[in-house]
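A.B. asks: Sending over a structure as structure tokens; questions will come in a sec.
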Amino acid sequence: SDHAFIERLKHIRDVKVRMAKVHDHCKGKMICDATEPELDGDGQPLPVLDALTKIGCGHVQPSIRKKGLKLFMVYKKSKDEDEQDMRLALPDKRLFTALEVYNNLRKISDEHLELMGLSVEYARPEWMILT
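Numbering (UniProt numbering), first residue to last: 1 to 131.
This is how it looks when you write it as structure tokens:
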């Protein structure tokens, strides 16, 4: 997570403006930012106490495209050789099912929802899926 960006978001009171800032900041990110975990004296990773300090995975993220009522995950071609080997196993375009969307949205923590400007009590994103 970008700590400076998170601190700026905490000072925006209007939830619509906050959601717009989050969208503008995140729409171009195609790689989950991998950060090194903090280590204790023995070299073991410290437990993550706060959802806002979780560590990213470093994976390439697809862009989501809508066609009719269906969502598709589209992976862009990469010029990096390491990622190219991984790309051979993945299709260029794949259906993003309602169950997969539900499972991904369900993983968003309450702290992140509040930071984005969504109500934890009334507007959880996984509740907005209609099938």
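Glycine is no exception: its CB is placed at the ideal position from the N, C-alpha and C atoms.
It should be emphasised that the depicted structure is a prediction, and the values quoted were computed from it without experimental measurement.
(1) By the 10 Å Cβ neighbour count, where 16 or more other Cβ atoms means buried, how is R8 classified, buried or exposed?
(2) Taking DSSP as the reference, what is the three-state secondary structure of K16?
(3) Do R18 and M128 have their C-beta atoms within less than 9 Å of each other?
(4) Helix, strand or coil for V60, going by three-state DSSP, please let me know.
(5) Indicate the three-state DSSP secondary structure (helix, strand or coil) for R8 in the structure shown.
(6) Alpha carbons only, please: which of L118, F5, D42, I12 is nearest the one belonging to H25?
(7) Would you say residue 139 and V74 are within 9 Å of each other, going by their C-beta atoms?
(8) Mind checking which residues open and close the alpha helix (DSSP H) that includes M128?
(9) Taking Cβ to Cβ, would you say L99 is nearer than 9 Å to V15?
(10) For V101, does the three-state DSSP call read helix, strand or coil?
C.D. replies: This is what the structure gives:
(1) R8 is exposed by the Cβ-count criterion.
(2) The answer is helix: DSSP assigns K16 an H, G or I state.
(3) Against a cut-off of 9 Å, the Cβ pair of M128 and R18 comes out as no contact.
(4) V60 carries a strand assignment under DSSP once its states are collapsed to helix, strand and coil.
(5) Here R8 carries a helix assignment [DSSP, helix/strand/coil].
(6) Of L118, F5, D42, I12, the residue nearest in Cα terms is F5.
(7) Limits of the chain in this structure are 1 at one end and 131 at the other, which puts residue 139 out of reach.
(8) Unbroken run through M128: none, as it is neither H nor E.
(9) Going by C-beta atoms, L99 is not nearer than 9 Å to V15.
(10) Correct three-state label for V101: helix.
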